[in-house]
Amino acid sequence: MKRDKKYKLKLSFPYEAIMALLFFSFMVLVCLWQYSIKGEVEYLVIGSGGFIILCFFGWLFNENYKSLVIGGEALTVKYWLWFNSITIKKQDVKGYKIKETYTRHGLDYHIILVPLKGKEITFIRDSYANYERLEFYFKKVGVHYIGTENINSPYKHVLAMITIWGTAISAMLFFLLQLFKLGK
């Protein structure tokens, strides 16, 4: 009996996610430690704000970094942070679509898995090492292509350039601000 080949969508190592989660965890711990020593309520306020940001980033990174294993008659989506997974049978999948969206790199395309029931599962290009193979994997196992969702704005290329330049300019201004602080 021949075993079915499993296709895996591999995660890129989430350096930014780990650094952000460690930073805000450290901030919350320092605030709690300072509150226990000094007893000032301001540390609890800052710590609770850090905890809210930590929860938000945890949810965001859990949605962005998920792996996909396609094998046999099922597709398994494994979430990175909470270690939970969803298994969807191939007959319960309506198909996949490609969605045009704005990113810090300009216009980009994300692949979205559309189940018959439940919410759509988005796979973001920057989160995966072998993202360009995902569409091939879907075609190989028989997941149907539904179509493409394009941005209908006539100014989409202008807005894409604004996001690219805005990202670059904000990074340069932040660096310049740090230089001014050092110069004082």
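Start counting the sequence shown at 1; every next residue gets the next number (the UniProt record's numbering). Just so it is clear, CB atoms sit at the ideal spot from N, CA and C, and this is done for glycine as well.
Identity of the residue in Ile-112, Tyr-131, Tyr-128 nearest Thr-122 by Cα: The option with the nearest alpha carbon to Thr-122 is Ile-112.
Selection from Val-77, Arg-104, Tyr-109, Trp-33 that minimises the alpha carbon distance to Leu-159: The residue among Val-77, Arg-104, Tyr-109, Trp-33 with its C-alpha nearest the C-alpha of Leu-159 is Arg-104.
According to DSSP, residues forming a beta bridge with Val-69: DSSP output for Val-69 lists Lys-8, Thr-76 as bridge partner(s).
Distance CB(Pro-115)-CB(Val-141) smaller than 8 Å: No, Cβ-Cβ distance for Pro-115 and Val-141 is not below 8 Å.
Separation of Lys-184 from Leu-176, as counted between CA atoms: Roughly 13 Å between the two C-alpha positions.
C-alpha gap between Lys-97 and Ile-169, whole angstroms: Between Lys-97 and Ile-169, the C-alpha separation is close to 33 Å.
Contact under 8 Å by Cβ, Asn-64 with Ser-12: In this structure, Ser-12 does not lie closer than 8 Å to Asn-64 by Cβ.
8 Å contact criterion, which Leu-68 and Leu-75 should meet: CB distance rounded: With a Cβ gap of about 7 Å, Leu-68 and Leu-75 count as contacting.
For Glu-100 and Glu-40, believed in contact at Cβ under 8 Å, the rounded distance: With a Cβ gap of about 50 Å, Glu-40 and Glu-100 do not count as contacting.
Inter-stretch contact (C-beta, 8 Å, three-pair minimum) for the stretch 76-90 and the stretch 129-139: Short answer: they don't touch.
Proximal residues to Cys-55 (C-beta, below 6 Å), its chain only, five neighbours per side dropped: For Cys-55, where only same-chain residues beyond five positions count, there are no Cβ hits under 6 Å.
Ile-46 versus Ser-36: straight-line alpha-carbon distance, rounded: Using only the alpha carbons, I get a separation of about 14 Å.
Under 8 Å between C-beta atoms of Ile-70 and Val-77: Against a cut-off of 8 Å, the Cβ pair of Val-77 and Ile-70 comes out as no contact.
Delimiting residues of the alpha helix (DSSP H) encompassing Phe-99: For the sequence presented, residue 99 should be read as Lys rather than Phe. Segment 93-103 is the beta strand (DSSP E) holding Lys-99; no alpha helix (DSSP H) there.
Uninterrupted alpha helix (DSSP H) stretches inside the stretch 97-173 (no shorter than 4 residues): Counting only runs of 4 or more, we get 134-141.
Simplified DSSP state of Lys-184, which is helix, strand or coil: Note: Lys-184 maps to coil in three-state DSSP.
Buried versus exposed, by CB contacts within 10 Å (16 or more), Leu-179: Per the 10 Å Cβ criterion, exposed.
Candidates Phe-57, Ile-164, Ile-162, Ser-153, of which the one nearest Phe-24 by Cα: The shortest C-alpha separation from Phe-24 is found at Phe-57.
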